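One structure is given here, and the rest of the page talks about it.
Chains as they are written, first to last, in my numbering: chain R, -4 to 166; chain V, 5 to 407.
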């Protein structure tokens, strides 16, 4: 896949320039604005020159309090062309909100629910944004770097102090 | 210490509420819970089924009953210590998951080119053994779901041989921790290659028996053909991979497409569903593809063993741990690795910062998780008995769905 070509094609069709992430990435990764993601995904999915028909994976990521950002990373794959690429969107940590792409790839449905469940990223326009892996009444988002588990869940102890486990107690 | 569940009648409603409620159910519709403790859901999967008489109106899967925080663990412990956790995701094919994970970390470290050929051949050999074991469970329990008891026993008997072979190799029956980053736990035990050849010779006629007993059985065909038809465009849009995608009629196998490890040097076919008994992409096609893949795996194993007893022979000096890094600290990067597991595309996404031997983020893209998401789509309007047939044909491992 030609990187310059895809940047040019996107610029012609959607009139904005994709920025290639200069870090070490496999596959190549582009940094996008939060408002651009749905349009670009639609374009890459439908354009016959690229035809990214498979969303391999959608990852949510927390950069911690110091950076104060969150990221959503999309890994796309084009079965007929054998192209691979990644898209990256950086979101503010206080209000992580992004457009859902579940209407383009149905794979995104559950992956977005998972990112919402474990990181608390809101996906606008998602058909059914509920928790998927954790119980609905679980508190907090475990994959955030500053996550503190709750004391009790339905009367069961969740948070253990390791020092208390001395007298042959097991969890 | 107090470890006490305090019962409250609202707990169920609060922790895992049903999507449909008394208000949204239409007249004549019934809400049935199948699972989480039900033999035909292949683990702790809970299906909220809305039915009208025998007809399924909608299915809502509820997951998470086996969630063991893999991703949180993976960002708390060093790369080499994640491997045992990787085993516990897809516990039916632990070696395949290890293979993908080890490959990913090796490629991040840049040592994947230096891995000795013998190590690679051993990896493929044990991975294919495990793939057969996984498919045997898939086909066997699928037969069991829809009323064929004997194939299950036969396949479990043959799977036992595989488990014993792998126990001989690694010391464990199901969760091996055999493939290490940069090498292997140990070289193959003396005499393993010959035993493998014997096993291949033993298993070949058994696969023909399986075809006669189950796959081409009239009752089985009646029960699975034209049931749960998954059209190709829908499959791709849902991100379905593995035998399910091939069952829907696409020759797509990452072992061929990406050509990782030594797969490009080996000769094997990629079976593809053709709709021989009904429509392309029905439950029968998926099962048939799995049965064919067992044959292809045998072919691959034969070639691997041949290499292991001729070109890449066991030598006294050979040390499979020679390249195992003492400290695994990849450069700062984003990396996505994918590999063909028995269930489909297993992907790992790594984010490393180059300062620690722990990943900043490690996401597992589990094939069963993605494959399960298509269930509501293909089971609307079928009979409840067919719903069981469809769930079985997805070949779910809940350890991987919930991670």
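Here a beta-carbon is modelled for each residue, glycine too, at the ideal position from N, C-alpha and C. Everything numeric in this text was worked out from a predicted model, so none of it was measured.
Could you check the C-alpha separation between residue 202(V) and residue 264(V) for me, to the nearest Å?
27 Å
Residue 310(V), DSSP secondary structure in three states:
In the structure shown, residue 310(V) adopts helical secondary structure according to DSSP, grouped into three states.
Residue 136(R) versus 55(R), 79(R), 123(R), residue with shortest Cα-Cα distance
When each option's Cα is compared against that of residue 136(R), the closest is 55(R).
Give me the chain V residues within the contact set of residue 48(R), using Cβ-Cβ distance strictly less than 7 Å, ordered along the chain.
240
With DSSP run on the structure shown, which of helix, strand or coil describes residue 40(V)?
Note: residue 40(V) maps to coil in three-state DSSP.
Taking just the CA atoms, how far does residue 62(V) sit from residue 127(R)?
18 Å
Going along chain R in order, which residues have a C-beta closer than 9 Å to the C-beta of residue 355(V)?
What residue 355(V) touches in chain R: 54, 56, 66, 68.
Kindly indicate which three-state DSSP category residue 125(V) falls into: helix, strand or coil?
Helix.
Given a cut-off of 8 Å on the beta-carbon distance, is the pair residue 99(V) and residue 204(V) in contact?
no
So, at 6 Å on beta carbons, what are the nonlocal neighbours of residue 4(V) in its own chain, with the 5 sequence-adjacent residues on each side left out?
There is simply no residue 4(V) to check, as chain V begins at 5 and stops at 407 in what is shown.
Given a cut-off of 8 Å on the beta-carbon distance, is the pair residue 403(V) and residue 177(V) in contact?
When the beta-carbon positions are compared, residue 403(V) and residue 177(V) stay at least 8 Å from each other.
Write down the C-beta distance between residue 378(V) and residue 179(V) rounded to the nearest angstrom, noting that I regard them as a contact closer than 8 Å.
At roughly 28 Å, the Cβ-Cβ gap does not stay under 8 Å, so residue 378(V) and residue 179(V) are not in contact.
Buried versus exposed, by CB contacts within 10 Å (16 or more), residue 195(V):
exposed
Using C-beta distances below 7 Å, list every residue in its chain close to residue 66(V), excluding the 5 sequence neighbours before and after it, in chain order.
20, 50, 52
Reduced DSSP secondary structure (H/G/I, E/B, other) of residue 373(V):
helix
Just list the alpha helix (DSSP H) runs in the segment 244 to 322 of chain V, keeping only unbroken ones of 4 residues or longer that don't cross its boundaries, in chain order.
247 to 251, 258 to 261, 287 to 313
Look at residue 48(V) and residue 39(V) and say whether their C-beta atoms are less than 8 Å apart.
yes
Restricting to Cα atoms, I'd like to know which of 42(V), 181(V), 333(V), 392(V) is closest to residue 355(V).
Across the set 42(V), 181(V), 333(V), 392(V), the C-alpha of 333(V) shows the shortest separation from the C-alpha of residue 355(V).
Could you say if the segment 288 to 301 of chain V and the segment 153 to 166 of chain V meet the contact criterion of at least three C-beta pairs nearer than 8 Å?
no
Going along chain V in order, which residues have a C-beta closer than 7 Å to the C-beta of residue 24(R)?
338
Say whether the segment 38 to 48 of chain R touches the segment 66 to 75 of chain R, bearing in mind that this needs 3 or more beta-carbon pairs closer than 8 Å, one atom from each stretch.
yes
In chain R, which residues lie with their C-beta within 8 Å of the C-beta of residue 9(V)?
149, 150, 151
Beta-bridge partners of residue 49(R), as assigned by DSSP:
72(R)
Span of the beta strand (DSSP E), counted from its first residue to its last, around residue 228(V):
Run containing residue 228(V): none in the beta strand (DSSP E); it sits in the alpha helix (DSSP H), 222 to 228.
Beta-carbon spacing of residue 110(V), residue 119(V) below 8 Å
yes
Using only alpha-carbon positions, find the residue among 121(R), 109(R), 123(R), 120(R) that is nearest to residue 367(V).
109(R)
For residue 237(V), which residues from the same chain have a beta carbon less than 7 Å from its beta carbon, with the 5 sequence-adjacent residues on both sides left out?
none
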